[in-house]
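Structure first, commentary second.
Protein chains: 2
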Amino acid sequence: MTCHPVTLAIHGGAGAIARDGPAREAARHADLAAALRAGHAVLAGAGAAVDAVVAAVTALEDSPLFNAGRGAVFTQAGTHELDAAVMDGATGRAGAVAGVTNLKNPVSAALLVMRNSPCVMLCGRGAERFAAEHGAEIADPAYFFTDERYAQFERARKRRRIELDHDGAARGPGNDAEDGTVYGTVGAVALDRAGNLAAATSTGGLTNKRVGRIGDSPIIGAGTYADNASVAVSATGVGEVFIRAVVAHDIAALVRYRSVSAQQAAEEVILRKIPAAGGRGGAIVLDRSGNLAMVFNTEGMCRGAIRADGNPEVAI
Amino acid sequence: MTCHPVTLAIHGGAGAIARDGPAREAARHADLAAALRAGHAVLAGAGAAVDAVVAAVTALEDSPLFNAGRGAVFTQAGTHELDAAVMDGATGRAGAVAGVTNLKNPVSAALLVMRNSPCVMLCGRGAERFAAEHGAEIADPAYFFTDERYAQFERARKRRRIELDHDGAARGPGNDAEDGTVYGTVGAVALDRAGNLAAATSTGGLTNKRVGRIGDSPIIGAGTYADNASVAVSATGVGEVFIRAVVAHDIAALVRYRSVSAQQAAEEVILRKIPAAGGRGGAIVLDRSGNLAMVFNTEGMCRGAIRADGNPEVAI
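Residue numbers (this note's numbering), protein chains in the order written: chain G, 894 to 1209; chain X, 894 to 1209.
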């Protein structure tokens, strides 16, 4: 049996680098490393790439420091609406949930949709009901309340009003980047020993977003995509531009149809097309040989990778 | 000014050919022709492709004979959940609504999202509230009740039970094709005088579908995609396979990156990849030279096209 070079990479969002002090920075590094170890444990045990990405993203969802699961941002209504997706590059199967409010780990719910339903994408109450029926852990709304996200929400509401007063123009959803914080969507891509690829992404979306808004993360082809014939991709950034540009599938299509490398494809889309369309963000891209690209057009992107040796490497 | 060969094409779903008598067949032909004329009127008046596809799809939504708007199928809960999307190939802008229950014309709501919101995709109540705020016409649930769809729903529920008793295996959402009816999702692609492409798709989804299920129609890249640099695509079929295969963007990527024709790209995806992935359906594809492909791997696909001469051509 050929052993493929097991690889797991994660991101914790792209944007302006958070300048919130060394203690939080150290905590963020520690949580990224822990997520890498969680995913690596699956791969080292000859587990599937799809289970490794879900393990890594679950760990990031459980951290209050990223905009997914526990640390999700607030909607305009002061609520939380979470989106997540997972895709298995070996089978082409995928699962996604959008606009869920009470699931502790949206990425696990996405995996349940993939494994236990004929559907790919479920939203809102229907998604919550399906996940609950299949044993997903339910969380109280209070679980998603963090002081920092609430302060961000308050600032976004205030700034929005001020800006409206000032220039009279309609503004997009709250822009955390101006706030010195990061977007914080989380995601993972993995290659397992059997040579299978997988990708997963999870997010709380944009601070102060409109209720019902779905970003790119749970959309197969936009924020999440995996195909053994090309690459696994998890993206993060201004979701609307990423949806229109079908970012994850476009990177995969360049690899497949133009025979360029994962790095070249990621650069073409993230460094050329997305800025030209007025978008900001990044993506992590992995191929079956273990070639990994981590590309962003923002000031920074929380990211990390772990290989067969099991040593997590983290950067921002 | 170069005048591009204005073209509008529509579909009313792919599947088994409905054998419901000559009267309904004639009515279906008439409604397809009327939708073509509605879109053509926009193009003939030097209107934009995006307005032409919305006009054509609106006409099909207003017909009780297609599974979109008025004639939408029933969910498991005996309700209606409608999905629609529109994309402008000139600007790359797009709008979509998913899981809406009370909007008379979901495709118009998708256009409102595109034009009046920083979002691309809105779902459920949030989408309904946004559309209502922006003047969308609200419909009573009774508006979507048709005897034929209700009978289909009853048959699907019954058959589902029987099949479960028989083979014990979990089944996908109701399969209308076995019922001698068509899927009935509707869509349009257009090329306007200025050389701009656009696509729109609208659907009620699958009969007896799970509440909260989102199919490929409202997903940019899956059921709907348009880019002046390649093609405009509207797809119809088993949504889950179409989402996983990112059908509309894959067709566009083949045109753009492999320089094949719209016809070759549509055949590669609809006749080779989709059946290999266990999927059924079709797509209509249009390029900036007016080359049109209407490809399906099912027994039939309701479809039609109209060119500069204004004579609608319809086939099933």
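For glycine and all other residues, C-beta sits at the position ideal for the given N, C-alpha and C.
{"Query": "Where does G/GLY1051 fall in DSSP's three states?", "Result": "The displayed chain sequence assigns Lys, not Gly, to residue 1051 of chain G. Three-state result, G/LYS1051: helix."}
{"Query": "Comparing alpha-carbon positions, which option in X/LEU953, X/GLN969, X/THR968, X/ALA970 lies nearest X/GLY962?", "Result": "X/LEU953"}
{"Query": "In chain G, which residues lie less than 7 Å from X/HIS1027 when you measure between Cβ atoms?", "Result": "What X/HIS1027 touches in chain G: nothing, since even the nearest Cβ is about 12 Å away."}
{"Query": "In the DSSP assignment, what residue or residues form a beta bridge with G/ALA1044?", "Result": "According to DSSP, G/ALA1044 bridges with nothing at all."}
{"Query": "Of all Cβ atoms in chain G, is any one closer than 7 Å to the Cβ of X/TYR1150?", "Result": "yes"}
{"Query": "Residue ranges of each beta strand (DSSP E) run of no fewer than 3 residues wholly in the region 938 to 1024 of chain G, ordered along the chain?", "Result": "975 to 981, 987 to 993, 1014 to 1016"}
{"Query": "Residues of chain X with a CB under 8 Å from the CB of G/ASP1143: which are they?", "Result": "HIS1142, ALA1146"}
{"Query": "Report the residue from X/GLU1192, X/ALA1125, X/SER1110 whose alpha carbon sits nearest the alpha carbon of X/LEU1147.", "Result": "X/ALA1125"}
{"Query": "For G/ALA919, does the count of other Cβ atoms within 10 angstroms reach 16, so buried, or fall short, so exposed?", "Result": "exposed"}
{"Query": "Mind checking whether X/ILE1167 and X/SER1127 have CB atoms under 7 Å apart?", "Result": "no"}
{"Query": "Quick check on the burial criterion: 16 or more other C-beta atoms within 10 angstroms. Buried or exposed for G/TYR1043?", "Result": "exposed"}
{"Query": "According to DSSP, is G/LEU929 helix, strand or coil?", "Result": "helix"}
{"Query": "Going by DSSP, what residue range makes up the beta strand (DSSP E) through G/TYR1118?", "Result": "1117 to 1119"}
{"Query": "Does DSSP put G/ALA1138 in a helix, a strand or coil?", "Result": "coil"}
{"Query": "Find the nearest neighbour of G/GLN1157 within the set G/PHE1023, G/VAL1188, G/HIS922, judged by alpha-carbon distance.", "Result": "G/VAL1188"}
{"Query": "Which of the three DSSP states, helix, strand or coil, is assigned to X/HIS904?", "Result": "strand"}
{"Query": "List the residues of chain X that G/ALA1170 touches, going by C-beta distances under 9 Å, in chain order.", "Result": "GLY985"}
{"Query": "For the beta strand (DSSP E) that contains G/GLU1206, what are its first and last residues?", "Result": "1206 to 1208"}
{"Query": "Measure from the alpha carbon of G/GLN1029 to the alpha carbon of each residue in G/ARG1050, G/THR1039, G/ALA1003, then state which is nearest.", "Result": "It should be pointed out that residue 1029 of chain G corresponds to Ala in this sequence rather than to Gln. When only C-alpha atoms are compared, the closest one is G/ALA1003."}
{"Query": "Going along the chain, which residues of the region 1094 to 1112 of chain X sit with their C-beta nearer than 7 Å to a C-beta in chain G?", "Result": "ARG1103, VAL1104, GLY1105, ARG1106, ILE1107, ILE1112"}
{"Query": "Roughly how many whole angstroms lie between the Cα atoms of X/SER1152 and X/ALA1138?", "Result": "20 Å"}
{"Query": "Identify every residue that forms a DSSP beta bridge with G/LYS1102.", "Result": "G/THR968"}
{"Query": "Based on Cα-Cα distance, which residue from X/PRO915, X/ILE1199, X/GLY992, X/ASP976 lies nearest to X/VAL1079?", "Result": "X/ASP976"}
{"Query": "Just to confirm, are G/GLY1249 and G/LEU901 a CB contact at a threshold of 7 Å?", "Result": "Summary: the structure shown does not reach residue 1249 of chain G, with chain G confined to residues 894 through 1209, and so no result is reported for it."}
{"Query": "Go ahead and pull the three-state DSSP assignment for X/ALA1170.", "Result": "coil"}
{"Query": "Alpha carbon to alpha carbon, how far is X/HIS922 from G/SER1001?", "Result": "46 Å"}
{"Query": "Is the separation between the beta-carbon of G/ILE1163 and that of G/GLY1172 shorter than 7 Å?", "Result": "no"}
{"Query": "Around the Cβ of G/ALA1083, are there at least 16 other Cβ atoms within 10 angstroms (buried) or fewer (exposed)?", "Result": "buried"}
{"Query": "Grouping DSSP H, G and I as helix and E and B as strand, with all else coil, what is X/ALA1128?", "Result": "strand"}
{"Query": "Applying the 10 Å Cβ sphere with the 16-neighbour rule, what's the burial state of G/ARG912?", "Result": "exposed"}
{"Query": "Just how far apart, CA to CA, sit X/ALA927 and X/ASP1109?", "Result": "26 Å"}
{"Query": "What in chain X is Cβ-close to G/ARG1018, meaning under 9 Å?", "Result": "GLY1017, VAL1104, GLY1105"}
{"Query": "For G/LYS997, is the classification buried or exposed, using 16 other Cβ atoms within 10 angstroms of its Cβ as the cut-off for buried?", "Result": "buried"}
{"Query": "Name the one or two DSSP bridge partners that X/GLY1175 has.", "Result": "X/THR1129, X/PHE1189"}
{"Query": "According to DSSP, is G/ILE1199 helix, strand or coil?", "Result": "strand"}
{"Query": "With DSSP run on the structure shown, which of helix, strand or coil describes X/ASP1143?", "Result": "helix"}
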